[in-house]
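Written below as structure tokens is the structure these notes are about.
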Ligand SMILES: [Fe+2]
């Protein structure tokens, strides 16, 4: 943290006014005086103490407890922490819907792995729809031209496994936890198996085994996984188990920050909530398909898809910062 001369002057002035009887600065009163969070004032005091030998008493400001606001009938532990700048930063690389299918160029998986190798995040999350599994799509009627030309389930399973291997080989030995919040496309295989008793324990387990073999921890379609207090899910499901589609409705209903995929559009939305320093942020991470690729079902639709990955920083249970890295940028850096 660097302070401007104005910040140093304002902090020193506030410190002269707000001190405890024993001479320690009263960070809490200083914070009110300056209109800042107590943690920010404490950080400023730390910076000042480090650079000014005459301020050796300011470190003791750390021990002044932050007085909790009084909530009628609501335990303090239920309150979301404010997005202060003093929490531990958790860095998550979020890979969007990959929609791998047989015969597809997998270069993007190598670029993403190289980016992760270079940036060393704390977690890797693939937000679901790693593979399309068009072979078991129920959208194409049996006997239709589309159904006739789609790959076999065996080809889909092999392409899925190969793409996981490509990513793993490129990333090399790495202990960064890998999480997949499964999407509706992989879930097609589960439904397919579920409707055919003779397949019990076969193809769906093969999908999950492939993920497990390459150390991806999988979570069911629709389940929200929490990392550092922020939710990750392919897409939230509504009251009747169908995917939500409107970002505004989702954000209005959210009780915590959420990072999701499924729409293939990159959006960022913050909605303030009634309460003290509270609100929610929703990030839609776009897609990690090759740049410019729009799946055939959406070719003529209103799309504005975005291709790339997101590097997200979580602090104090909230999304503190994020950066989009487009597929074109990944290509130019890591080809
Ligand atoms: Fe999806």
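Residue numbers (my numbering): 713 to 1047.
Cβ coordinates follow ideal geometry from the N, Cα and C atoms, glycine included.
Fair warning: this is a prediction, and the values are worked out from it, not measured in the lab.
- Judged by pairs of C-beta atoms under 8 Å, the region 1002-1017 does not touch the region 821-839, as fewer than three such pairs exist.
- Distance from the CA atom of residue 805 to the CA atom of residue 993, rounded to whole angstroms, is 17 Å.
- Cβ contact annotation for residue 724 (same chain, cutoff 8 Å, sequence separation greater than five): 760, in chain order.
- For residue 992, the pairing in a beta bridge is given by DSSP as 983.
- Within the DSSP bridge table, the entry for residue 955 names 949 as partners.
- In the displayed model, residue 838 falls within a strand according to three-state DSSP.
- Taking a C-beta distance under 7 Å as the contact criterion, residue 946 and residue 840 qualify as a contact pair.
- Residue 728 has no beta-bridge partner at all, per DSSP.
- The beta carbon of residue 980 lies closer than 6 Å to those of 995 in the same chain, with the five residues before and after it left out.
- Around the beta carbon of residue 887, fewer than 16 other beta carbons lie within 10 angstroms, which makes this residue exposed.
- Of the residues 912, 821, 720 and 757, the one whose Cα lies closest to the Cα of residue 881 is 821.
- Annotation for residue 901: the continuous alpha helix (DSSP H) segment containing it runs 896-906.
- In terms of side-chain proximity, the C-beta atom of residue 899 is found no nearer than 6 Å to any non-hydrogen atom of ligand 1.
- The criterion of a C-beta distance shorter than 7 Å is satisfied by residue 1000 and residue 808.
- Using a cutoff of 6 Å, the CB of residue 799 does not count as near ligand 1, since none of the ligand's heavy atoms is closer than that.
- Under DSSP, the beta-bridge partners assigned to residue 1023 are 805 and 1035.
- Three or more beta-carbon pairs separated by less than 8 Å are not found between the region 852-860 and the region 901-920, which leaves the two stretches without contact.
- Our two residues, residue 835 and residue 728, have alpha carbons roughly 44 Å apart in a direct line.
- Taken from the Cβ of residue 841, at least one heavy atom of ligand 1 lies inside 6 Å.
- Relative to the Cα of residue 938, the nearest Cα in the group 963, 920 and 972 belongs to 972.
- A distance below 6 Å between beta-carbons, with the five flanking residues on each side excluded, links residue 753 to the following residues of its chain, in chain order: 739, 742 and 743.
- For the set 934, 866, 918 and 948, the Cα lying nearest the Cα of residue 846 is the one of 866.
- Its chain contains 842 and 1000 as the residues whose beta carbon lies nearer than 6 Å to that of residue 810, once the 5 sequence neighbours on both sides are disregarded; these appear in chain order.
- Annotation for residue 974 indicates a beta carbon within 6 Å of some heavy atom of ligand 1.
- In terms of side-chain proximity, the C-beta atom of residue 950 is found no nearer than 6 Å to any non-hydrogen atom of ligand 1.
- Per DSSP, reduced to three states, the secondary structure at residue 1030 is strand.
- For residue 895, the CB falls within less than 6 Å of some heavy atom of ligand 1.
- Counting along the chain, the unbroken beta strand (DSSP E) around residue 971 starts and ends at 970-972.
- Around the CB of residue 838, 16 or more other CB atoms lie within 10 Å, so the residue is classed as buried.
- Comparing alpha-carbon positions, the option among 978, 1026 and 713 lying closest to residue 1020 turns out to be 978.
- Annotated three-state conformation of residue 843 is strand, per DSSP.
- One thing to note: residue 892 has its Cβ no nearer than 7 Å to the Cβ of residue 818.
- A residue is called buried once 16 or more other Cβ atoms fall within 10 Å of its Cβ, and residue 875 is buried on that count.
- By the neighbour-count criterion, in which a residue is buried when 16 or more other Cβ atoms sit within 10 angstroms of its Cβ, residue 958 is exposed.
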